[in-house]
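Residue numbers for the sequence shown follow this note's numbering, beginning at -2 and rising by one.
Beta carbons: idealized from backbone N, C-alpha and C, even for Gly.
If you're wondering where the values come from, they're calculated on a predicted model, not measured in any experiment.
Okay, so here's the structure we're looking at.
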Amino acid sequence: MSKVGKRLAPSEKKPKSPRKGKLTRQQIVLIVVVVVLALLLAGVLAVRSLFVRPELPKKNDPQKTVDLDGDGEPDGPEEIDYGDGIRPRGGDGERKSENCWTVLILGRDTGGGGNTDTMLLASYDVTNQKATVMSIPRDTMVNVPWDIKRINSVYNYYGGGDRGIQHLYKEIAQLVGFEPDFQVVVEWDAVGEIVDAIGGVYFDVPMDMNYKDPYQDLVISQKAGYRLLSGDDAMQVLRYRHDNNMKHGYAEGDLGRIKTQQAFLKAMVEQVLQPKNMTKAGPLIEAFNKNVETDLSFQNILWFAKSAVLGGLKMEDVSFVTMPNTGKYAYSRSVDKMTGGRQKNQSYVVPNARQLLDLVNNELSPFVEVFTLRDLDIMSVNADGSVSSSTGYVEDKQAALPPPSPEPEEEEPILDENGYPIDPETGLPITVDPETGEPIVPINPETGEPLITAPPDTAAEPGGEGTGTPPSGGGTSTSGTTASSNPPSSGTAEPPADPNTGTPSAPDPAPANPSPETPPEAPPAPAEPAPAPEVPADPQPPTDPGFALIGPDPAA
-2 MSKVGKRLAP
8 SEKKPKSPRK
18 GKLTRQQIVL
28 IVVVVVLALL
38 LAGVLAVRSL
48 FVRPELPKKN
58 DPQKTVDLDG
68 DGEPDGPEEI
78 DYGDGIRPRG
88 GDGERKSENC
98 WTVLILGRDT
108 GGGGNTDTML
118 LASYDVTNQK
128 ATVMSIPRDT
138 MVNVPWDIKR
148 INSVYNYYGG
158 GDRGIQHLYK
168 EIAQLVGFEP
178 DFQVVVEWDA
188 VGEIVDAIGG
198 VYFDVPMDMN
208 YKDPYQDLVI
218 SQKAGYRLLS
228 GDDAMQVLRY
238 RHDNNMKHGY
248 AEGDLGRIKT
258 QQAFLKAMVE
268 QVLQPKNMTK
278 AGPLIEAFNK
288 NVETDLSFQN
298 ILWFAKSAVL
308 GGLKMEDVSF
318 VTMPNTGKYA
328 YSRSVDKMTG
338 GRQKNQSYVV
348 PNARQLLDLV
358 NNELSPFVEV
368 FTLRDLDIMS
378 VNADGSVSSS
388 TGYVEDKQAA
398 LPPPSPEPEE
408 EEPILDENGY
418 PIDPETGLPI
428 TVDPETGEPI
438 VPINPETGEP
448 LITAPPDTAA
458 EPGGEGTGTP
468 PSGGGTSTSG
478 TTASSNPPSS
488 GTAEPPADPN
498 TGTPSAPDPA
508 PANPSPETPP
518 EAPPAPAEPA
528 PAPEVPADPQ
538 PPTDPGFALI
548 GPDPAA
């Protein structure tokens, strides 16, 4: 075989490796769809995990068996002991809508000793996109067993912390007749950090504000007007009530500050809910975790925010109100004791019962059931300064009793020029005590010391120049010699001598049948003394021995 033929003969072909095929257009589209769906599913799952609808807590759970969060511990705070007071409605009643919630918001100022001076009760109907926020004044009277019954005293009375918050929650629940679903305790510092996180809040400061408190390291210095407030500016505006001299500030006191706080919170919420601030979740979460204590999760709060933004909640749909109230003064045992009786009353703010009841039924309560006054524990002040409750039960039983009557003050008597008190009815001086019959010692009006005076009919001292009558039992004759002494007196006064005859006058005969019931007649007033009888130059012996003639002493 020629080589040519071999060259022309077909050679054996080696098998080719399989060629990698290209994806078809349909395959590419399918893969893209799967990836997008996976991303969407992941996004949905992430969103669903980020925005979690809250579950209603089990308020009436005495056995503490509910564990919704799965941590192995019963949910909710420690069971509240309402004692003999009313038990507010829990979360088990029929609701006005499926997504109607209530939240108690307490502002705690750590710089001011931890006082809870800011108390807000919020109701949010997600279904109908309507919200109401009621401010509760810090001087509101509540039904507590101690003397000073201001609501802002509850937190510190129970030692603050979780226990103080729990008892404050109890008092507000009894005040409005139902237990709020959730509670949020916000340190005031959180407000400033949230303001800084969103780049500030535009607000119209209502007045110049200047106040310094070195004990709290607090300095407030703000000018009136509309401008962008930083977090520190916002905190100063929210804390201010009056200047140090007490002459400049809110005319309504704490109620004026509440109005400013409501206006600022409304402006802050309006700006926080703007879509551009939804991207600033990082700083908001950090401020939330540092300064907020609540039984809501952060995902729950984001769910409320999403519901408000996507649901179209507008600020005109949010009502900020203050609890209807009237200023009153009630008797206070501690104030009475502390001031020594100079002051007896403590100032309060008491709810206007009918107006608060309407606000609860129409705006705040999430329940269909209509409340009555006996469902709300509303305190009132009686005309005598004692207190009452709309439930008929007052925990401080002493405060429900009439206050003690003040002891009448003894009036200083009015004295005449001689120091004797003057009878206010007759205008005459009183010289004899009407109770004892003893003479009254006159008082010197200038010094207040007793005036010591001699009795009006006191005889002159021996050897003096007085004109008193010599003592009975002896006399002096006209010749200057001492006459014979009279016989000892038997206790009966001798009758006076008749000036005409010189013989003693006979006494008046005693009545035949003296009546013991008839008091003796008062002796007649002494008559003018009779002229002394003429005495002969040579005294003659008396015709009737047994008495001596007493005449004027010639020596005198």
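**Study point:** Arg555 - DSSP class collapsed to helix/strand/coil
**Key:** In the structure as shown, the chain starts at -2 and stops at 553, and residue 555 therefore has no counterpart that could be examined.
Practice item. Could you name the residues of the same chain whose beta carbon sits closer than 7 Å to that of Gly324, not counting the 5 residues immediately before and after it, in chain order? Key: Excluding sequence neighbours, Gly324 sits near Ser344, Val346.
**Study point:** Endpoints, the alpha helix (DSSP H) within which Arg254 is located
**Key:** 251 to 269 is the extent of the alpha helix (DSSP H) around Arg254.
**Study point:** 3-residue-minimum beta strand (DSSP E) runs that sit fully inside the segment 331 to 359, ordered along the chain
**Key:** If we require 3 residues or more, the beta strand (DSSP E) runs fully inside the segment 331 to 359 come out as 342 to 348.
Point to revise | Beta-carbon proximity of Phe364 to Arg50, cut-off 8 Å | key: Pairing Phe364 with Arg50 gives a Cβ-Cβ distance that is not under 8 Å.
Review point. Going by alpha carbons, who is nearest to Phe368 out of Gly389, Val378, Leu270, Ala350?
Key: Between Phe368 and the set Gly389, Val378, Leu270, Ala350, the nearest pair of CA atoms involves Ala350.
Review point. Which residue from Val123, Glu190, Gly82 puts its Cα closest to that of Asn96?
Key: Looking at the Cα atoms, Val123 is the closest of the given residues.
**Study point:** Inter-residue Cα distance where the pair is Ser512 and Thr433
**Key:** Unreliable positioning characterises Ser512 in this predicted model, as indicated by a pLDDT of 49, which lies under 50. A coordinate reading is not provided.
Point to revise | Complete beta strand (DSSP E) runs within the segment 146 to 196 (minimum length 3 residues, chain order) | key: You should have 179 to 184.
Point to revise | Through-space distance from His239 to Lys209, alpha-carbon basis | key: Straight-line Cα distance between these residues: approximately 10 Å.
Check your understanding: Is Glu360 near Thr129, with beta carbons less than 8 Å apart?
Key -> Contact flag set, yes.
Check your understanding: What do you get for Trp185, buried or exposed, if any count of 16 or more other CB atoms within 10 angstroms of its CB means buried?
Key -> Burial state of Trp185 is buried, judged by a 10 Å Cβ sphere holding 16 or more other Cβ atoms.
Check your understanding: Alpha carbon to alpha carbon, what distance is there between Ile145 and Gly156?
Key -> Those two C-alpha atoms are separated by around 16 Å.
Exercise for review: Rounded to whole angstroms, what's the CA-CA distance from Pro22 to Val29? Just pull it up for me.
Suggested key: At residue 22 the sequence reads Arg, which differs from the Pro that was named. Between the alpha carbons of Arg22 and Val29 lies a gap of roughly 11 Å.
Exercise for review: Tell me whether Leu425 is buried or exposed, calling it buried when 16 or more other Cβ atoms sit within 10 Å of its Cβ.
Suggested key: The residue in question, Leu425, is exposed, as its Cβ has fewer than 16 Cβ neighbours within 10 Å.
Check your understanding: Does the count of Cβ pairs from the segment 324 to 335 and the segment 294 to 303 closer than 8 Å reach three?
Key -> With a cut-off of 8 Å on Cβ pairs, the segment 324 to 335 is not in contact with the segment 294 to 303, counting fewer than three such pairs.
**Study point:** Given 8 Å, three or more beta-carbon pairs between the segment 212 to 232 and the segment 189 to 202
**Key:** Yes: at least three Cβ pairs fall under 8 Å.
Practice item. Determine the direct distance from the alpha carbon of Gln352 to that of Arg86, and round the result to whole angstroms. Key: Their Cα atoms are separated by approximately 20 Å.
Check your understanding: Can at least three beta-carbon pairs, one atom from the segment 251 to 259 and one from the segment 175 to 184, be found at a separation below 8 Å?
Key -> Per the Cβ contact rule, the segment 251 to 259 is not in contact with the segment 175 to 184 (fewer than 3 Cβ pairs under 8 Å).
Check your understanding: Which term fits Gly189, buried or exposed, when burial requires 16 or more other beta carbons within 10 angstroms of its beta carbon?
Key -> For Gly189, the number of other beta carbons within 10 angstroms of its own is at least 16, and it is reported as buried.
Review point. Looking at Val384 and Ala327, is the spacing between their C-beta atoms short of 8 Å?
Key: Yes. Within cutoff.
Practice item. Taking Glu283 as part of the alpha helix (DSSP H), name the residues at either end of that continuous run. Key: Per DSSP, Glu283 belongs to the alpha helix (DSSP H) from 278 to 288.
Review point. Taking all protein chains shown into account, do 16 or more other C-beta atoms lie within 10 angstroms of the C-beta of Tyr417, making it buried, or fewer, making it exposed?
Key: Here Tyr417 is buried, its C-beta having at least 16 other C-beta atoms within 10 Å.
Check your understanding: Asn560: which of Ile411, Val378, Asn149 sits nearest, CA to CA?
Key -> Limits of the chain in this structure are -2 at one end and 553 at the other, which puts residue 560 out of reach.
Practice item. Compute the distance between the beta-carbons of Tyr390 and Asp81, then report whether it is under 8 Å. Key: With a cutoff of 8 Å on beta-carbon distance, Tyr390 and Asp81 are scored as near each other.
Point to revise | Identity of the residue in Thr115, Gln126, Val173 nearest Tyr152 by Cα | key: Nearest in C-alpha terms to Tyr152, of all of Thr115, Gln126, Val173, is Thr115.
Exercise for review: Would you decide whether Ala380 is buried or exposed? Buried here means 16 or more other CB atoms lie within 10 Å of its CB.
Suggested key: Exposed, by the Cβ-count rule.
Review point. Secondary structure at Lys311, three-state DSSP: helix, strand or coil?
Key: The answer is coil: DSSP assigns Lys311 none of H, G, I, E or B.
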